[in-house]
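Below is one structure, written out as structure tokens, with a few remarks after it.
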């Protein structure tokens, strides 16, 4: 049984408002939010001067288990996640074997039940050959379905338009289809052209020219066309270009069938950083120009982008070195994503209420996650207590990812995470993991979807 806590006098950030309040936690849930609440035996924590946010729900992570445990495991990456204030995650299907069957999904859920420090959900992968299973996905404990229109880690690419049509037609009403949108044929053509011009030893600075703006825009247009044709709830992941933003409407999330996600590294880095960081920031889709970065930042507050996540994708440091073509694509980010967001708040790019909305409220609503993502009575107590006046310097010596490195090494970030609660249990206190293996499976309520 989880202990009871009274968080006294925090600046509570939730549902578009910041206010000083007490928060009572008991039986794993938020029992009361108000002023001068009675402790009644609960452990009281003085939160004066600190801010309390809902735990982040990261809708795109790659924890590499099963099959790629040399890079990461559910245990290692979920422990890093909760240290960073990410209390729930949705994990991608491009493991080995891929999560493309009910049996593979059940196996991941069982492993997470044993080892995950954070609350967990898993996607089913679409292949173009498993459409019969996809039609039954709404009855499975999957957070959504993932389709790769562009190649990345693993072998789940569905680039053939005829197969894509079958995938979109098979998505059940109410399920989210999350899409990696890049035009793979264009990428292959541009890679061949650059090799012909420059030789096999390509500079990393060509990455955003090989996986370029048009490859993203063309694939996003195709996915949106198919989604509208088949009335699919489409969520386009890791947007990187200003041009793509014209495809997305502003307005209430509840009114949207087409939504978009941005990731922290595309808001943080730009193509000028390849000269300094090289393969460490190689990712798919590629980090692009400063103009694209500025457009993405503006779209977060303007309502065109609905979710802020990480696409946490760890690789060994050795796998991030060598010839351009051989360098693995992906960055480990989940331990510092909240502090990166708080740094954007300090820089005037976001408000604290934007962080709660984009990284907690909206992911919960989009994926129909029950009773999480808000600081409200009745919700699970997934909470992060932060000191906004402090600073945190990232160091590879202190990284908790299994891969042991971060592209943010020696970067100073705004804020310090003081404590984290996962489903009412104190998971992190003073930067140290207090309990492990305490995550719960996320539950979904799609009864209101059609």
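Residue numbers (the numbering used here): 105 to 554. Note that CB positions come from ideal geometry on N, CA and C, so glycine has one too.
Between the beta-carbon of residue 188 and the beta-carbon of residue 150, is there less than 8 Å? no
Once the 5 residues before and after residue 331 are set aside, which same chain residues still bring their CB inside 8 Å of it? 272, 281, 337, 338, 361, 362
Considering only C-alpha positions, which residue in the set 206, 160, 508 is nearest to residue 418? 508
Measuring alpha carbon to alpha carbon, tell me which residue in 231, 111, 374 is nearest residue 148. 111
Below 6 Å CB to CB, which residues in the same chain sit around residue 490 once its five sequence neighbours on both sides are set aside? 155, 519, 521
Nearest to residue 459 (by Cα), restricted to the options 366, 275, 321, 228: 366
Do you know offhand how far residue 196's Cα is from residue 433's? 15 Å
Extract the residue ranges of the beta strand (DSSP E) inside the stretch 357-411, only unbroken runs of 3 or more that lie entirely within it. 362-367
To the nearest angstrom, how far is the alpha carbon of residue 306 from that of residue 134? 53 Å
Report the three-state DSSP secondary structure of residue 227 (helix, strand or coil). strand
Classify residue 203: buried if its beta carbon has 16 or more other beta carbons within 10 angstroms, exposed otherwise. buried
From 545, 533, 447, 174, pick the residue whose C-alpha is nearest to that of residue 473; which is it? 545
Using the rule of at least 16 other Cβ atoms within 10 Å of the residue's Cβ for burial, across every protein chain shown, is residue 296 buried or exposed? exposed
Considering only C-alpha positions, which residue in the set 443, 453, 547 is nearest to residue 498? 443
Own chain residues within Cβ distance below 8 Å of residue 395, not counting five before or after: 346
How long is the line joining the alpha carbons of residue 289 and residue 238, rounded to whole angstroms? 26 Å
Which listed residue (292, 324, 294) has its alpha carbon closest to that of residue 285: 324
Using the rule of at least 16 other Cβ atoms within 10 Å of the residue's Cβ for burial, across every protein chain shown, is residue 477 buried or exposed? buried
What's the gap between the Cα of residue 445 and the Cα of residue 454? 8 Å
Residue 179 versus residue 541 - alpha carbon distance: 7 Å
List the whole-angstrom C-beta distance separating residue 175 from residue 386, where the pair is believed to meet the contact cut-off of C-beta under 8 Å. In fact, because the Cβ distance is near 15 Å, the residues do not count as touching under 8 Å.
Can you tell me which of 265, 219, 225 puts its alpha carbon nearest to the alpha carbon of residue 329? 265
Got a sec, what are the start and stop residues for the alpha helix (DSSP H) residue 175 sits in? Note, residue 175: premise wrong, no alpha helix (DSSP H); not H, not E.
Would you mind working out which of 500, 549, 548, 523 sits nearest residue 538, comparing C-alpha positions? 523
Boundaries (first-last residue) of the alpha helix (DSSP H) holding residue 339: First-last for residue 339: 337-340, but that is the beta strand (DSSP E), not the alpha helix (DSSP H).
Closest by CA to residue 169, which one among 214, 400, 268, 413? 214
Nearest to residue 370 by CA position, among 321, 205, 414, 533, is which residue? 414
Measuring CA to CA, which of 515, 109, 183, 368 is closest to residue 143? 109
With DSSP collapsed to three states, give me the class of residue 350. helix
Length-filtered (4 minimum) alpha helix (DSSP H) runs lying within the stretch 252-283: 265-274
Terminal residues of the alpha helix (DSSP H) in which residue 523 lies: First-last for residue 523: 516-526, but that is the beta strand (DSSP E), not the alpha helix (DSSP H).
Of the listed residues 500, 190, 543, nearest to residue 217 (C-alpha basis): 543
If you compare alpha carbons, which of 157, 504, 132 is closest to residue 146? 132
Would you tell me roughly how many angstroms separate the C-alpha atoms of residue 493 and residue 303, rounded to the nearest one? 50 Å
So which of 500, 475, 516 has the shortest CA-CA distance to residue 48? Residue 48 is absent from the model: the chain starts at 105 and stops at 554.
How would you call residue 536, buried or exposed, if buried means at least 16 neighbouring beta carbons within 10 angstroms? exposed
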